[in-house]
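Top line first, the protein sequences correspond to chains D and G. If you're matching positions, the first sequence starts at 1 in full-length UniProt numbering and goes up one per residue. If you're matching positions, the second sequence starts at 1 in full-length UniProt numbering and goes up one per residue. We put the CB at the ideal spot given by N, CA and C, even for glycine. Predicted, not measured: the structure shown is a model, and the values here were computed from it.
Protein chains: 2
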Amino acid sequence: MSTAAGSTRPDRAAETRQVIMAAAERLFAEHGLSAVSSRQIAEAAGQRNVTAVSYHFGSRPGLVRALMARHGEQVDVLRERHLRTAAGSTDVRDWVDCLVRPTSEHLAALGTPSWHARCAAQVMTDPTLRVLVIDEALTRPPLTRTLEGLHRCLAHLPSQVLAERGDMARQLIVHTCAERERALAEGTAPPHTSWERTAGSLTDALVGLFTAPVS
Amino acid sequence: MSTAAGSTRPDRAAETRQVIMAAAERLFAEHGLSAVSSRQIAEAAGQRNVTAVSYHFGSRPGLVRALMARHGEQVDVLRERHLRTAAGSTDVRDWVDCLVRPTSEHLAALGTPSWHARCAAQVMTDPTLRVLVIDEALTRPPLTRTLEGLHRCLAHLPSQVLAERGDMARQLIVHTCAERERALAEGTAPPHTSWERTAGSLTDALVGLFTAPVS
Numbered sequence: 001m002s003t004a005a006g007s008t009r010p011d012r013a014a015e016t017r018q019v020i021m022a023a024a025e026r027l028f029a030e031h032g033l034s035a036v037s038s039r040q041i042a043e044a045a046g047q048r049n050v051t052a053v054s055y056h057f058g059s060r061p062g063l064v065r066a067l068m069a070r071h072g073e074q075v076d077v078l079r080e081r082h083l084r085t086a087a088g089s090t091d092v093r094d095w096v097d098c099l100v101r102p103t104s105e106h107l108a109a110l111g112t113p114s115w116h117a118r119c120a121a122q123v124m125t126d127p128t129l130r131v132l133v134i135d136e137a138l139t140r141p142p143l144t145r146t147l148e149g150l151h152r153c154l155a156h157l158p159s160q161v162l163a164e165r166g167d168m169a170r171q172l173i174v175h176t177c178a179e180r181e182r183a184l185a186e187g188t189a190p191p192h193t194s195w196e197r198t199a200g201s202l203t204d205a206l207v208g209l210f211t212a213p214v215s
Numbered sequence: 001m002s003t004a005a006g007s008t009r010p011d012r013a014a015e016t017r018q019v020i021m022a023a024a025e026r027l028f029a030e031h032g033l034s035a036v037s038s039r040q041i042a043e044a045a046g047q048r049n050v051t052a053v054s055y056h057f058g059s060r061p062g063l064v065r066a067l068m069a070r071h072g073e074q075v076d077v078l079r080e081r082h083l084r085t086a087a088g089s090t091d092v093r094d095w096v097d098c099l100v101r102p103t104s105e106h107l108a109a110l111g112t113p114s115w116h117a118r119c120a121a122q123v124m125t126d127p128t129l130r131v132l133v134i135d136e137a138l139t140r141p142p143l144t145r146t147l148e149g150l151h152r153c154l155a156h157l158p159s160q161v162l163a164e165r166g167d168m169a170r171q172l173i174v175h176t177c178a179e180r181e182r183a184l185a186e187g188t189a190p191p192h193t194s195w196e197r198t199a200g201s202l203t204d205a206l207v208g209l210f211t212a213p214v215s
């Protein structure tokens, strides 16, 4: 709630968190997680207090978790919609759609340039942060339900194979989206492409990957 | 050539390069490319001269290129062997084998812990180094011939789809190998697994990915 005199304290703290998160995401995407200090983030966010990151997020992992959670919540809303369409389906493609489309639709909605996909790819290859963020993602109910639906269609596969292919799908979605986001930001994306087209290519490829015979 | 009195100068320079490359690879894998300064690499390599990286490699990109090229040459030898087996084949799996097996065999030969796969994954997600290294890889004749063989089997696919799936395969191989290498180094790799088994899973998945119908 704002007062006539300006923002109240909780409002201002929330605004500051948003500004810090936006600055951090851009810097992480462009320079890499470990190349960017908390002080640089505070400065890029226009904070006079150079310890603003630890003040507002407790720690750098706290900031990264907040960043990923914010996008995670928005992706959840989109995934709920796809889950309603897929309900009861025994077609792998419907569940792969639930895996891929919420991410590509979210990235499309962010516009160009966006930084989230590259930031997520950095987090996923970071030696310490990756576990924290993968664990966080896997507790999101819409993602859990998507994986359950997918596993029901693929019950003939050994559970270890299913787990491996799930990991591969995660890698493929995250890094393919990061490459496209980078190409868009740098103006090198092929013409006549779109996030929707990328999602279609990813879905085709992942249906093939998940349903491939085990040798 | 060594003399009785010790190494000659070119020998010693070559040895120093090796020591610096080994130190750099380990630091890059464990801490991320951008978290590691050239000074830290020189110190970890036991060099009194803190500018040893630029002295021996011209620049940090020069060091990264040298690292990737050294592994690239070793992988080339293994790939030549698989190419002899695949020669003339019209089976996608034979060409996917030529793509996957040389990498997994090279990593198996490095032993545990190794750092190359994680280092390569870092390079592949680095905003500036990735292009340099992808371009270098694509000029290696055994890889070029592998892709030509694969493309002959998949001539029915639109060229853009083929290019996209090639990118996806690269992402999948690099990041799946990096995850396994990390798990091995940290002692968290599932028991009863091996690089050969990982290669088999990757090959199954990639055959599915490459041959998937285009919607």
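Short CB-CB distance (under 7 Å) between residue i and chain D
| i | result |
| --- | --- |
| G:D94 | no |
| G:L209 | yes |
| G:D204 | yes |
| G:G32 | yes |
| G:V214 | yes |
| G:A35 | yes |
| G:T51 | no |
| G:T128 | no |
| G:A183 | no |
| G:A121 | yes |
| G:T125 | yes |
| G:M1 | For G:M1, the predicted model reports a pLDDT of 45, less than 50, meaning its position is unreliable and no value from the coordinates is stated. |
Where the alpha helix (DSSP H) through residue i begins and ends
| i | result |
| --- | --- |
| G:T176 | 159 to 186 |
| G:D76 | 60 to 86 |
| D:T144 | 141 to 153 |
| D:V100 | 92 to 110 |
| D:V19 | 9 to 31 |
Where residue i falls: helix, strand or coil (DSSP)
| i | result |
| --- | --- |
| D:L206 | helix |
| D:Q122 | helix |
| D:D135 | helix |
| G:V214 | coil |
| D:S37 | coil |
| G:S54 | helix |
| D:T3 | Any reading at D:T3 is ruled out, since the residue's pLDDT is 46, under 50, leaving its predicted position unreliable. |
| G:T128 | coil |
| D:A44 | helix |
| G:T193 | coil |
| G:S201 | helix |
| G:H156 | coil |
Any chain G beta carbon closer than 7 Å to residue i
| i | result |
| --- | --- |
| D:H175 | yes |
| D:M168 | yes |
| residue 220 of chain D | The question about residue 220 of chain D has no answer, for chain D in this structure spans 1 to 215. |
| D:S114 | no |
| D:Q40 | no |
| D:S54 | no |
| D:Q47 | no |
| D:A137 | no |
| D:L172 | yes |
| D:S201 | yes |
Residue i, buried or exposed, once every other Cβ within 10 Å from all chains shown has been counted against 16
| i | result |
| --- | --- |
| D:D204 | buried |
| G:P102 | buried |
| D:E25 | buried |
| D:H56 | buried |
| G:M1 | In this prediction, G:M1 has a pLDDT of 45, which is less than 50 and means its spatial position is unreliable; nothing more can be read from the coordinates. |
| D:L150 | buried |
| D:L67 | buried |
| D:A199 | buried |
| residue 224 of chain D | Because chain D here runs from 1 to 215, residue 224 of chain D falls outside it and cannot be looked at. |
| D:A23 | buried |
| G:G187 | exposed |
| D:V133 | buried |
| G:P142 | buried |
| D:T3 | Low local confidence applies: a pLDDT of 46 at D:T3 is under 50, so the model's placement there is unreliable, and no value is given. |
| G:G208 | buried |
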